Amino acid sequence: MSGADTGQPSDRTQTTEEILADDGTPWYSQYLRDHRVHVLTVLLLAAYPPVYAALAGSPVSGEAIALLPEVQTMVAVLYFGLFAMSFDFISGYTGYLSFGHAAFYGTGAYLTVLIANGKLVTTLPVVGTVLTPQTPFMLSLVLAGLAGAVLALLIGSVSFRLSGVYFAMITLGFSQVLYVFVRNWDFVSDAPRDGVAVTGRTTGFEIGVPAVDGLNVAVGVLLGDSVSLFGGAVELSATEVSFYAIGAVVLVSYLAMQRVVHSPFGRVMIAIRENEERARAIGYDTYRYKLGAFAISGFFAGVAGSLFAAFRQSVTPENGFYFLVAGDALLASIIGGFGTLVGPLYGRLFEESVQEFLSKSGSGGGLLPWLEANVPSSVLQAELFNGLTVAEAIDTFLNGHAELYVGVMFVLFVLYVPNGLLGTVRDRAGGTLAKAGIPALRRWFR
Amino acid sequence: MSTLATLPTLLFLDTLFEFLRPSTLAGVAVEGLSLAALYVMITAGLSLIFGLMGVLNFAHGAVTMLGAYLGGLVTVLLVGGATGDPVRFLAFFVATLVAFGALAALGGGMEIALVRPIYDRPPLYQILLTFGVTLILEELARIVLLFYGIQPISDWQDALATRPAVLGEGLGVAGVAVDGLELFQILFGILTVVGVWAFLTRTRYGLYVRAGSEDDEMLAALGVDVRQVFTVVFALGTGVAGAAGVLLAWDPSWAASVPLAAETLLPAFVVVIVGGLGTFRGTVAAALLVGVTDAIMKWWFQNYVEFTGLPEITVFLVLVIMLIVRPQGLYGVSEVGGH
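Going line by line, the protein sequences match chains W and Y. Going by the working numbering, the first residue of the first sequence is number 266, and it counts up by one from there. Going by the working numbering, the first residue of the second sequence is number 31, and it counts up by one from there.
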């Protein structure tokens, strides 16, 4: 940018401010108008735990529990949704399929657990002993993100010399090398194949403002805080507190990625997806842009992994580093909408809801317990063939075979809804929901 | 051991000397060849399908897994406790034929119903679709197995037990201790390579396949029904994967189990990428490279290095190094599979 140009952008901002001042509207009103769909979505999500609790206590409790995902599942949707969003950030926007994305998620999760177990205690000059088990979680969270970003830079600097299937395969190769390595590395625990649990601290991981005790809450099902607000008017269980705390981190991360996607940097990412040669011909150093995007993506994948480890208090090679973890993110992205950023979160929500509905999960809801409770026993005991009763047949197909339905759903989406949920909705509305959503709704109801 | 461990260099040299002894080298070479034979069988179908249609078939491993169970089922039904070795071999070939036929039919059906509508979409969608098919096939296998009281995660011992006694024995061939199973696998692998090679170069369909890999639009313009060729090749590719599964059902270090799908899919990807996407010659060469490397690393792990994951990690390192040094693979053309 030449010297003469530097004045221009500030001129433009000035005029924008002037226009706003002329209207007499405060500075935040335009911001709120741009983000009204965001605000609405956040409010809807935030209302979920009380609504679920209310419905579970109502006359239709059986149906509500069968149909709606539990709050604990929703927490998993949030942190995995963040991972899927970070996957979509690189794969959906630059078109480079990062099939080894699990490497960053696993790194974030393992780093968090290892810090909590005091495996990484080091003594630095000046600063003193760092990375003790008492390290604030917010610090480990950022460190996990940074580790993901650094790893992404390392992997990306080699991998971005390739493209297409080759890029997908080399990232897969790197992540599988890490998977095998972590599976056999006895530094992480005595039985590295079984993963590692948090043993170094007896309190949950706190999310909040660092160094201010009153503004922190611990997450986790067992070790999390339960909170009582307004003199006992609002009682939140540990799971519900985790939902809000993890949701806050996911929201901040999403807004950050959304900001990048809508910045000039994000435009270049899309240009690389649409036509990389032309982007290069215009003068963009696409290699650097890809690498930068990959690092950002790796950062948030690491953060997601860290949240996952904090909530679950443990991590195994299979649910951290294995290539099918990236496969799940791909699944969520396709169902939600590839290249829509927030779509993968909805994709994961949809997928988890269907899974929980069609496959019994622990004490959770789903169709099976509901059928067992509500179908008359004469029908359940009826014999289909060869001594197989209806009850056994139902149990065979609805108990723990979530993957089957996920696969069917996946094939159906690829064939008939290739743009995913959010992508299709955006196509109908004619743009992002923030811009075109409300006019589209008006057209619909007129 | 403990005194030697204080002298790592000496221990290393000692192990190296042990490794370089002709009998050790020969043993490692035979094991490498048998692994290469397995890899080439697992990968041949994947390579054919990718070469012609550009579809990276993620369901390939699941088909191999189904082949292992189907073949195991046939041998278990045909073979009793007192059956002699020749009958067991016969049962094996019947099983191979059944698995080949059944899975070729499955592959053909899959191509017509699911893959054909999305050829014109970006390659990503074909990967995704076949990935979804994998999930379905694996879960269906699990449901059926649990219904019959077989543990899906662990190896299916009944199928392993139908193996002829001669395959479990060590045989002395020219002074080298060789496992019977390894020889059988090498033989089977050579048969597969020769079969596929003959199909590609000696039949009219093979000619179509080779021509279609170069330019399928031109082939269609010359009056060949390309859609039918695609279906036949997809069916053949999945059929070969099924036959490979039958062979794996007799190998204790693989054996029929549901996780076999992922266990075979990943090395198959490595081999097909290292060889170069869409060349059968490259696939054979890469299977040899990966198989022998794998065997060497297994030996070093057993005798010197204490890191359990060494052989597995090396296979992926071969992939990574190959992609860095020569992204198009051993015999690949750089344009194929690009962005």
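We put the beta carbon where it would ideally sit given N, CA and C, even for glycine. Note that the structure is a prediction, hence the values are computed from the model and not measured.
Beta-carbon proximity of residue i to residue j, cut-off 8 angstroms
{"i": "Gln441 of chain W", "j": "Phe588 of chain W", "result": "yes"}
{"i": "Ala241 of chain Y", "j": "Leu249 of chain Y", "result": "yes"}
{"i": "Leu319 of chain Y", "j": "Val304 of chain Y", "result": "yes"}
{"i": "Ile599 of chain W", "j": "Gly685 of chain W", "result": "yes"}
{"i": "Phe310 of chain Y", "j": "Ser64 of chain Y", "result": "no"}
{"i": "Ser493 of chain W", "j": "Val506 of chain W", "result": "no"}
{"i": "Tyr719 of chain W", "j": "Leu623 of chain W", "result": "An answer regarding residue 719 of chain W cannot be provided, because it is not within the stretch 266 to 711 covered by chain W."}
{"i": "Pro357 of chain Y", "j": "Tyr344 of chain W", "result": "no"}
{"i": "Leu96 of chain Y", "j": "Gly362 of chain Y", "result": "no"}
{"i": "Val386 of chain W", "j": "Thr377 of chain W", "result": "no"}
{"i": "Ala374 of chain W", "j": "Val640 of chain W", "result": "no"}
{"i": "Ser294 of chain W", "j": "Ala569 of chain W", "result": "no"}
{"i": "Tyr611 of chain W", "j": "Leu687 of chain W", "result": "yes"}
{"i": "Ile166 of chain Y", "j": "Gln156 of chain Y", "result": "no"}
{"i": "Glu668 of chain W", "j": "Glu168 of chain Y", "result": "yes"}
{"i": "Val350 of chain Y", "j": "Phe439 of chain W", "result": "yes"}
{"i": "Thr164 of chain Y", "j": "Gly91 of chain Y", "result": "yes"}
{"i": "Gly101 of chain Y", "j": "Ala279 of chain Y", "result": "yes"}
{"i": "Ala89 of chain Y", "j": "Thr105 of chain Y", "result": "no"}
{"i": "Phe675 of chain W", "j": "Gly139 of chain Y", "result": "no"}
{"i": "Ser287 of chain Y", "j": "Pro182 of chain Y", "result": "yes"}
Neighbour-count burial assignment, residue i, 16 or more Cβ in a 10 Å radius
{"i": "Gly548 of chain W", "result": "exposed"}
{"i": "Pro315 of chain W", "result": "exposed"}
{"i": "Tyr370 of chain W", "result": "buried"}
{"i": "Trp709 of chain W", "result": "exposed"}
{"i": "Glu542 of chain W", "result": "exposed"}
{"i": "Glu335 of chain W", "result": "buried"}
{"i": "Gly585 of chain W", "result": "buried"}
{"i": "Leu564 of chain W", "result": "In the sequence as presented, Leu is not what sits at residue 564 of chain W; that position holds Phe. Per the 10 Å Cβ criterion, buried."}
{"i": "Ala409 of chain W", "result": "buried"}
{"i": "Gln258 of chain Y", "result": "exposed"}
{"i": "Val514 of chain W", "result": "buried"}
{"i": "Ser356 of chain W", "result": "buried"}
{"i": "Arg448 of chain W", "result": "buried"}
Candidates the options: closest to residue i by CA position
{"i": "Trp329 of chain Y", "options": "Y:Leu40, Y:Pro38, Y:Ser53", "result": "Y:Ser53"}
{"i": "Ile173 of chain Y", "options": "W:Asp692, W:Gly688, W:Leu680, W:Thr661", "result": "W:Thr661"}
{"i": "Val499 of chain W", "options": "W:Ala312, W:Arg301, W:Asp692", "result": "W:Ala312"}
{"i": "Val263 of chain Y", "options": "Y:Arg234, Y:Ala67, Y:Val288, Y:Phe122", "result": "Y:Arg234"}
{"i": "Ala566 of chain W", "options": "W:Val607, W:Ser518, W:Lys555", "result": "W:Ser518"}
{"i": "Val70 of chain Y", "options": "Y:Ile351, Y:Val224, Y:Val256", "result": "Y:Val224"}
{"i": "Glu471 of chain W", "options": "W:Leu572, W:Arg532, W:Leu320", "result": "W:Leu572"}
{"i": "Leu136 of chain Y", "options": "Y:Val109, Y:Ala125, Y:Thr94", "result": "Y:Thr94"}
{"i": "Leu221 of chain Y", "options": "Y:Pro152, Y:Glu293, Y:Ala74, Y:Phe42", "result": "Y:Ala74"}
{"i": "Phe346 of chain Y", "options": "Y:Gly138, Y:Phe88, Y:Ala298, Y:Phe80", "result": "Y:Ala298"}
{"i": "Leu103 of chain Y", "options": "Y:Leu277, Y:Thr268, Y:Asp209", "result": "Y:Leu277"}
{"i": "Gly557 of chain W", "options": "W:Leu333, W:Leu320, W:Leu416, W:Glu583", "result": "W:Leu416"}
{"i": "Gln187 of chain Y", "options": "Y:Ala98, Y:Leu50, Y:Gly312, Y:Asp44", "result": "Y:Ala98"}
{"i": "Gly469 of chain W", "options": "W:Thr400, W:Val525, W:Leu516", "result": "W:Thr400"}
{"i": "Tyr554 of chain W", "options": "W:Leu488, W:Ala594, W:Leu418, W:Leu677", "result": "W:Leu418"}
{"i": "Tyr358 of chain W", "options": "W:Arg301, W:Gly702, W:Ala699, W:Phe530", "result": "W:Phe530"}
{"i": "Met83 of chain Y", "options": "Y:Leu296, Y:Val239, Y:Asp255, Y:Leu144", "result": "Y:Val239"}
Within chain W, partners of residue i - CB distance below 7 angstroms
{"i": "Thr338 of chain Y", "result": "Asn449"}
{"i": "Pro357 of chain Y", "result": "Leu427, Tyr431"}
Beta-carbon neighbours of residue i, restricted to chain W and to distances below 8 angstroms
{"i": "Leu158 of chain Y", "result": "Leu595, Ile599, Phe675, Val679"}
{"i": "Pro153 of chain Y", "result": "Gly429, Val430"}
{"i": "Leu165 of chain Y", "result": "Glu668, Leu669, Val671, Gly672, Phe675"}
Under 8 angstroms from the C-beta of residue i: neighbouring residues of chain Y
{"i": "Gly592 of chain W", "result": "Phe161"}
{"i": "Gly570 of chain W", "result": "Residues of chain Y passing the Cβ test: none, with the nearest at roughly 21 angstroms."}
{"i": "Val442 of chain W", "result": "Ile343, Phe346, Leu347, Val350"}
Distance cut-off 7 angstroms: residue i Cβ against heavy atoms of the ligand ADP
{"i": "Leu221 of chain Y", "result": "This structure simply doesn't include the ligand ADP, nor any ligand for that matter."}
Per-residue contacts from residue i into chain Y (C-beta, under 9 angstroms)
{"i": "Phe348 of chain W", "result": "The contacting residues do not exist; Phe348 of chain W stays about 18 angstroms from chain Y at best."}
{"i": "Phe446 of chain W", "result": "Phe337, Gly339, Ile343"}
Chain-ordered chain Y contacts of residue i [CB-CB under 7 angstroms]
{"i": "Ile435 of chain W", "result": "Val350, Leu353"}
{"i": "Thr661 of chain W", "result": "Ile173, Phe177"}
{"i": "Val423 of chain W", "result": "Ile354"}
{"i": "Leu362 of chain W", "result": "Leu154"}
Contact set between residue i and chain W, taken where Cβ atoms lie within less than 9 angstroms
{"i": "Ile148 of chain Y", "result": "Val679, Leu680, Pro683"}
Beta carbon proximity, residue i to chain B, threshold 8 angstroms
{"i": "Val671 of chain W", "result": "In the structure shown, chain B cannot be found, because the protein chains are W and Y."}
**OP:** Determine which residues of the segment 302 to 324 of chain Y have a Cβ less than 8 angstroms from any Cβ of chain W, and write them out in chain order.
**Re:** Ile303, Leu307
**OP:** With 7 angstroms as the C-beta to C-beta threshold (strictly closer), list the residues of the segment 47 to 74 of chain Y near chain W in chain order.
**Re:** none
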